[in-house]
Amino acid sequence: MEESLSVEKTVRSEDCALTLKSGDLEVLSTPTVLAWMEEVSANLAKKFLASDESTVGVHVELDHVAPAFVGDKVRVKSILKERGTKKFIFFVTAESAGKLLAKANHVRVIVNRRQFVK
Ligand SMILES: CC(C)(COP(=O)(O)OP(=O)(O)OC[C@H]1O[C@@H](n2cnc3c(N)ncnc32)[C@H](O)[C@@H]1OP(=O)(O)O)[C@@H](O)C(=O)NCCC(=O)NCCS
Numbered sequence: 045m046e047e048s049l050s051v052e053k054t055v056r057s058e059d060c061a062l063t064l065k066s067g068d069l070e071v072l073s074t075p076t077v078l079a080w081m082e083e084v085s086a087n088l089a090k091k092f093l094a095s096d097e098s099t100v101g102v103h104v105e106l107d108h109v110a111p112a113f114v115g116d117k118v119r120v121k122s123i124l125k126e127r128g129t130k131k132f133i134f135f136v137t138a139e140s141a142g143k144l145l146a147k148a149n150h151v152r153v154i155v156n157r158r159q160f161v162k
């Protein structure tokens, strides 16, 4: 069975393009959607890591297909599609009220926590 993990977020003003300057409208920003997708994927990867390991994002291919607004609830779901010795490949979706907002293919690489930040 495929491993997956979901999280529910509520869009706040600080999540919007106007605040993040990735646009000038009060709509859920693409960088926020990506951050949520990385958060849920990194948490899913943690299940398979040793305590001295972490993952870092190395690739994302994201389609942002519909807007969301302040107060909207957004469900972000990551599905682990492939697990290698050094990397994880995820397919991630963001939906609101059953409508697809965004989808992405995402790759994370396993790193040693201390060596990576030294
Ligand atoms: C993570 C990092 C150290 C990987 O470099 P590396 O050790 O040379 O990685 P490798 O070349 O051995 O790649 C490991 C695996 O990931 C895959 N991979 C690496 N970069 C990739 C990319 N951009 N897209 C897709 N796959 C990638 C490789 O194909 C390899 O897969 P394999 O095991 O099936 O052969 C380097 O890319 C990096 O530092 N990136 C910055 C990450 C970062 O700071 N992210 C923000 C913080 S979350």
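Using the working numbering, read the sequence shown as starting at 45 and increasing by one per residue.
In this text, a Cβ means the ideal position worked out from N, Cα and C, and glycines have one as well.
Just so you know, these numbers come straight off a predicted model, no measurement behind them.
Query raised in the report: Relative to the alpha-carbon of S48, which residue among V114, E126, S140 has its alpha-carbon at the smallest distance?
Result: Sequence index remark: in the sequence shown, residue 48 carries index 4 (1-based). When only C-alpha atoms are compared, the closest one is E126.
Report task. Name all residues in chain order for which at least one heavy atom of ligand 1 lies closer than 5 Å to the residue's CB. Result -> V100, G101, V102, H103, G128, K130, K131, V151, V153
Query raised in the report: Skipping 5 residues on each side, what residues in its chain have a beta carbon closer than 6 Å to that of G101?
Result: If you number the sequence shown from 1, residue 101 lands on position 57. Closer than 6 Å at Cβ, skipping near neighbours: E82, R152.
Query - Cβ of S66 within 8 Å of any chain C Cβ - result: The structure shown contains no chain C; it holds only a single protein chain.
Query raised in the report: Whole-angstrom Cβ separation of T54 and L64, contact assumed at under 8 Å?
Result: Indexing the sequence shown from 1 puts residue 54 at position 10. Indexing the sequence shown from 1 puts residue 64 at position 20. The Cβ separation is near 17 Å, so there is no contact.
Query raised in the report: DSSP state of L69, grouped into three classes?
Result: Within the sequence shown, the letter at position 25 stands for residue 69. L69 falls in the coil class under three-state DSSP.
Requested in this report: Return yes when the Cβ of T74 is within less than 8 Å of the Cβ of L106, no when it is not.
Outcome: In the sequence shown, the residue the question calls residue 106 occupies position 62. In the sequence shown, the residue the question calls residue 74 occupies position 30. Closer than 8 Å, so yes.
Query raised in the report: Taking just the CA atoms, how far does D59 sit from V71?
Result: Taking the sequence shown and counting its residues from 1, the one referred to as residue 71 is at position 27. Taking the sequence shown and counting its residues from 1, the one referred to as residue 59 is at position 15. C-alpha separation (whole angstroms): 8 Å.
Report task. List the endpoints of the continuous beta strand (DSSP E) containing V77. Result -> Here residue 77 refers to the residue found at position 33 when the sequence shown is read from its first residue. Counting along the chain, V77 falls outside any beta strand (DSSP E), though it belongs to the alpha helix (DSSP H) covering 74-90.
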